[in-house]
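Structure record follows, encoded as structure tokens.
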Amino acid sequence: MASGKKYYAAAVLAVWLIIVTFFMILNRTLDLEVFFVLSLIGLLVVAVLIDGAFSRPRYMRYIGYLIAAGVALFAYIVVEKILEIIAA
Amino acid sequence: MRPRASQTILVAAALAALIILAAHATTPVLYTAENISTAAHADPATIQKRSPGDAAAVVPLMDELLGETGTLALTIKLKDYESAERDLARYTELSGRFDRLVVKLDVSGTDIGEFQRKNQENLDSLTTLLDDSRRFDDLQRLEVEVRGDDDRHMAVVYEGEALRQKMREGFSAYAKREPTVTGIAQNYDVDTAPYQESVEHFAEVADAADDWREKTGGGTPPSPLSITLTPVEGYYGDTIRIAGTYAGGLPGTPVEVYVDSRLTETPTLDDEGRYACSYRIGRVLAGPHLVYTTTNGLYSEVRTFEALSGNTTLTLALAEVNQTTVACTGELRTGNRPVTGAPVLLRVDAATLIGTGTDNNGTYREEITLPAGEHTIRAEFHGAGFPLNYSESEARTFHARGEAPSPLPIIAALGALLGAGWYLRRRHQREVPERAPPETVREEEPLVEEREIPPVEVGDLPPRDAATLLFRTLRARLGIPETKTPRDCARLAPDHARFFERYEMIRYAGVLPTEEELQWMKKEARGDEHAA
């Protein structure tokens, strides 16, 4: 069941990314920043949902590292946007 | 497929995707309908939004232009010069707007471009007609006043004759354009009646000059100031030689040479009463141009030369100045001649227009600052005011790298990364406490305080469920939290480690407990002294 959960999570994340891409195309805009932020939100939700109460599989530790890197990149984007607004 | 192979493929695919995405990190907007890089990506829906009404404004503007020619010619004919000035100003303004629209919509090469060029010529003709009509009126009054003074009368008559010829030539050029302009206008269902009326009004003004000539004595004797043009036609850059004689003129007398009513040269008479000068065909419209000379109140006859339309070639080269600026250079030539002082438009991404101009060598240079990304640049020459045809360069592509990212976001991101790492490490340490020596655990045994529990009855439960019930009972008796697994329980209560390890085998390894084992576990769970 544990390994099954892992694959379900990957599938759900993939579906979420496809939905995001679909709506971005529908909106006639392909922006990597927006795509990245929405992907990170999806990853965070999936990570919370698959995280068990009694055990911590190894893949959860790897997802943790991925989330840390994502948060850093997100912080970079946010600071850059703030600087853009200040400069404008 | 072997797991290792599939994992390798997955990692390779992930790395490839990350590398491709990283290449676009500086320009994260991959596509927007408003900011297209190639025609293949054009979205007609947004193009309409970008220039709302631009295309739709062309035909009504053509209609207004033709309507204005009728009004202007009529006011000139009626000698209402005040209204004519206002009409001319309006016509000039409309023509300017139409010129900009043609450039903006990039339709110079179409029949609308041809209409625009003919309209410019019409504007030129009507402007000249207004000036000439006004001067002609003055001459008519002057002619009445100077009757009796033969010298002055002849001077007025000569000038009148020059003006008459000029107006006649102007009319023939204006009338010659009518079929072309009317044909194009009819293609777009534009009402051509006012324009055709303007031709009639123009003709009446020219006829009025002919009538005056008849009234002032019919055939005017040939002017003593002669004029000849050689050749009578030429392309941009060609030289027209204007020469003539004035038999009665004193050597050194200046002769003013007018081309299209503008003073262009002032040669002097030589000892034999001859004068000569050259006129280089430059920024003049294609078509006929009028030339006459005057000295001491004497006017020569009016001669015409034709400026022929020449083809042009325009080049464009891009050179990077810095990360965001590109230098656009090129040359505009007609045949082997450079075109000087000509306006050149740089069309960036088929939308933005940037104006520049050629120098005395026919070359131009313009530095453009561009946002990061791929840009297509094309140079265009629309022939405005020159006897030259439209030309454009090949489209060139420039990749602007954009400014280097500011270090501040990088520092902030590094800070966030370190913070996230610190948080995860701390959380990990809190969740997995270091394994303490057994003695220490035994000393810190507050978790395994034995509690009084009600008697447990297994009854008819299946062996494995019975084992689970006994495990929970013992865990509760020892006061171990329910979140702890059998292995945790064995670590926390080493005295009952054997029970928990056995239960772990039953629970997770699928071992079926025997009746004896269950009895032993029951005693252990109850805390019977004989259990061990």
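Those protein sequences? They're chains R and B, same order as listed. Everything in the first sequence is counted per the working numbering, starting at 1 for the first residue and increasing by one. Everything in the second sequence is counted per the working numbering, starting at 1001 for the first residue and increasing by one. Just so it is clear, CB atoms sit at the ideal spot from N, CA and C, and this is done for glycine as well.
Between residue i and residue j, is the Cβ-Cβ spacing less than 8 Å?
i	j	result
TYR1275/B	ALA1243/B	yes
VAL1348/B	HIS1375/B	yes
ALA1089/B	HIS1201/B	no
PRO1224/B	LEU1269/B	no
GLY1170/B	LEU1129/B	yes
ILE1506/B	LEU1492/B	no
LEU1314/B	SER1393/B	yes
VAL1326/B	ILE1354/B	no
ALA1541/B	ALA72/R	With chain B running from 1001 to 1532 in the structure shown, residue 1541/B is simply not present.
LEU1078/B	SER1095/B	no
ARG28/R	ALA1033/B	yes
ARG1477/B	GLY1527/B	yes
TYR1195/B	VAL1181/B	yes
ALA1193/B	MET1167/B	no
GLY1249/B	THR1295/B	yes
Between residue i and chain B, is any beta-carbon pair separated by less than 8 Å?
i	result
TYR62/R	no
ARG58/R	no
LEU44/R	no
ALA9/R	no
ALA72/R	yes
ASP51/R	no
PHE22/R	no
LEU83/R	yes
ALA47/R	no
MET1/R	Unreliable placement is indicated for MET1/R, whose pLDDT of 48 sits below 50; the coordinate value is still reported in the next sentence. No, MET1/R does not count as interfacial toward chain B.
VAL79/R	yes
LEU13/R	no
LEU17/R	no
LEU38/R	no
With a CB to CB cut of under 8 Å and the five nearest residues on each side skipped, what residues in its chain are close to residue i?
i	result
LYS5/R	ILE50
ILE25/R	none
LEU1308/B	GLU1233, GLY1234, TYR1235, ALA1286 and PRO1387
SER1226/B	GLY1244, THR1245, TYR1246, SER1300 and GLU1301
LEU43/R	LEU13, ILE63, LEU66, ILE67 and GLY70
LEU1030/B	HIS1024
For residue i, collect the residues of the same chain with a Cβ closer than 7 Å to its Cβ; drop the 5 residues on either side in sequence, then sort them by chain order.
i	result
LEU1173/B	It is worth fixing the name first, because residue 1173/B is Ala in this sequence and not Leu. Answer for ALA1173/B: SER1125, GLY1287 and PRO1288, listed in chain order.
PRO1463/B	LEU1512, PRO1513 and LEU1518
ASP1063/B	VAL1190 and ASP1191
ASP1080/B	none
LEU1097/B	Checking the sequence shown, residue 1097/B turns out to be Arg, not Leu. Counting only Cβ-Cβ distances below 7 Å, and skipping sequence neighbours, we find LEU1061.
ALA1155/B	GLY1297 and LEU1298
PHE74/R	VAL37 and LEU40
TYR1503/B	ALA1467, PHE1471 and PRO1486
VAL1146/B	ARG1152, HIS1153 and VAL1156
ILE1184/B	ASP1111, GLU1114 and PHE1115
Between which residues of its own chain and residue i is the CB-CB distance below 6 Å, once the five residues before and five after are set aside?
i	result
TYR1188/B	VAL1059
SER1278/B	THR1239 and ARG1241
THR1230/B	ARG1241
ASN1311/B	ASN1389
TRP16/R	GLY42
Does at least one heavy atom of the ligand FMN sit under 7 Å from the Cβ of residue i?
i	result
THR1253/B	Questions concerning the ligand FMN fall outside what the structure shown contains, since it holds no ligand whatsoever.
So which of the options has the shortest CA-CA distance to residue i?
i	options	result
ILE82/R	THR1239/B, ALA1162/B, ALA1350/B and ALA1412/B	ALA1412/B
THR1127/B	THR1092/B, GLU1331/B, THR1312/B and ALA1416/B	THR1092/B
GLU1082/B	VAL1103/B, SER1133/B, ASP1099/B and ASN1119/B	SER1133/B
ILE1281/B	THR1268/B, ARG1337/B and ARG1177/B	ARG1337/B
LEU38/R	ARG56/R, ARG28/R and ILE19/R	ILE19/R
ARG1401/B	PRO1267/B, ARG1135/B and THR1027/B	THR1027/B
ALA47/R	ALA68/R, VAL78/R and ASN27/R	ALA68/R
THR1069/B	LEU1078/B, ALA1057/B, ASP1087/B and ALA1056/B	ASP1087/B
VAL1339/B	LEU1345/B, GLU1331/B and LEU1346/B	GLU1331/B
THR1264/B	PRO1179/B, ARG1502/B and TYR1292/B	TYR1292/B
ASP1207/B	THR1313/B, ALA1023/B and GLN1165/B	GLN1165/B
ALA1342/B	GLY1385/B, ASP1106/B and GLU1320/B	GLY1385/B
GLY1415/B	GLY70/R, ALA53/R and LEU43/R	GLY70/R
ASN1361/B	ALA1379/B, THR1329/B and ARG1378/B	THR1329/B
HIS1024/B	ILE77/R, LEU32/R and VAL15/R	LEU32/R
ARG61/R	THR1483/B, LEU1021/B, ALA1022/B and ARG1426/B	ARG1426/B
ALA1372/B	ASP1495/B, GLU1380/B and PHE1398/B	PHE1398/B
If we define contact as Cβ-Cβ less than 8 Å, is residue i a contact residue for chain R?
i	result
TYR1031/B	yes
GLU1445/B	Its pLDDT being 47, under 50, GLU1445/B is placed unreliably in this model, and the value from its coordinates should be taken loosely. No, GLU1445/B lies away from the interface with chain R (no Cβ there is under 8 Å from its Cβ).
GLY1237/B	no
THR1485/B	yes
HIS1496/B	no
PRO1371/B	no
Counting pairs of Cβ atoms below 8 Å between the segment 1301 to 1311 of chain B and the segment 1178 to 1194 of chain B, do you hit three or more?
-> no
If you measure beta-carbon to beta-carbon, which residues of the segment 1397 to 1425 of chain B are closer than 9 Å to chain C?
-> No chain C is present in this structure, whose protein chains are R and B.
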